[in-house]
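Protein chains in written order, with my numbering: chain A, 2 to 112; chain B, 1336 to 1450.
Note that CB positions come from ideal geometry on N, CA and C, so glycine has one too.
Please read these numbers as outputs of a predicted model, since none were measured by experiment.
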């Protein structure tokens, strides 16, 4: 079983749709959680951190459920520019803070 | 502020040859990471430095891969000898401190093709 698992998709949605991605992690020692975005043939970039209380940044909402070891990302009012691969990242609570990336979920937003 | 720099951007070699990649992190960033990203997969951490010390290299194939970070600034990753399965994008990232919550900033990557 992979340490971080994501539904690979692809998710194909029309503009304006709401779409949700899920991510599960296996190591209960995980401390910090993130969503990164990766455009085709580009490097990953931080989209948002995920906090225990849940957090929102514009059209994006991230939630964490420690009991179920589950993270989610909700995108409302999808734009064409949201088309990308979304990577779930989990970091251990060791001093070094080793990060493990999921394999990503691909989103295509169509006109 | 300049981002993470990597070179070369592309490299094609034959199996059993050697190759080296270079990374210059964002100025002042204490932590440097090397990741391997195979097509269709997420980045896999190969090695993590804090300043010039290694804090995690558990997934580095040490029989063929080596990395160093001299003077706690730039870093090189070497593969010797290369195998077909090493074909991937090698990403370097840096973060400003040592806390687990900090953002990792990635360079553009080096695309390696082993023939």
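List the endpoints of the continuous beta strand (DSSP E) containing residue 45 (chain A).
45 to 51
Are the beta-carbon atoms belonging to residue 39 (chain A) and residue 105 (chain A) less than 8 Å from one another?
yes
Beta strand (DSSP E) segments (min. 3 residues) lying fully within the region 1377 to 1447 of chain B:
1379 to 1385, 1388 to 1391, 1400 to 1403, 1410 to 1414, 1423 to 1430
Enumerate in chain order the residues of its own chain whose CB-to-CB distance from residue 1414 (chain B) is below 7 Å, with the five nearest sequence positions on each side excluded.
1353, 1354, 1399, 1400, 1421
Give the secondary structure of residue 1353 (chain B) by DSSP, where H, G and I count as helix, E and B as strand, and everything else as coil.
coil
Select from the region 1375 to 1388 of chain B all residues with a C-beta closer than 8 Å to any C-beta belonging to chain A, and list them in chain order.
1375, 1376, 1377, 1378, 1379, 1380, 1383, 1385
Assuming residue 1432 (chain B) contacts residue 1365 (chain B) under a Cβ cut-off of 8 Å, what Cβ separation, rounded to an integer in Å, is found between them?
6 Å
Residue 89 (chain A) to residue 11 (chain A) span [Cα, whole Å]
15 Å
Apart from the five residues just before and just after residue 100 (chain A), which ones in its own chain have a Cβ nearer than 6 Å to its Cβ?
90, 92
Distance between residue 68 (chain A) and residue 1342 (chain B) (C-alpha atoms, nearest Å):
43 Å
Counting only the same chain and skipping the five closest in sequence on each side, list residues whose C-beta sits under 8 Å from that of residue 14 (chain A).
20, 79, 108, 109, 110, 111
Where DSSP assigns a beta bridge to residue 1358 (chain B), which residues make up the other side?
B:1341, B:1410
Residue(s) in a DSSP beta bridge with residue 1 (chain A):
Limits of chain A in this structure are 2 at one end and 112 at the other, which puts residue 1 (chain A) out of reach.
Residue 1426 (chain B): contacting residues in chain A (beta-carbon distance under 9 Å)
44, 45
Under 7 Å from the C-beta of residue 1360 (chain B): neighbouring residues of chain A
Those within 7 Å of residue 1360 (chain B) in chain A number zero; the least Cβ separation is about 13 Å.
Straight-line Cα distance separating residue 43 (chain A) from residue 1344 (chain B):
12 Å
Among B:1369, B:1408, B:1375, B:1448, which residue has its Cα nearest to the Cα of residue 1393 (chain B)?
B:1369
Would you say residue 82 (chain A) reaches chain B, if we count a Cβ-Cβ gap shorter than 8 Å as a contact?
no
Roughly how many angstroms lie between the CA atoms of residue 1351 (chain B) and residue 37 (chain A), to the nearest whole one?
34 Å
Contacts that residue 105 (chain A) makes with chain B (C-beta to C-beta distance below 7 Å):
1377
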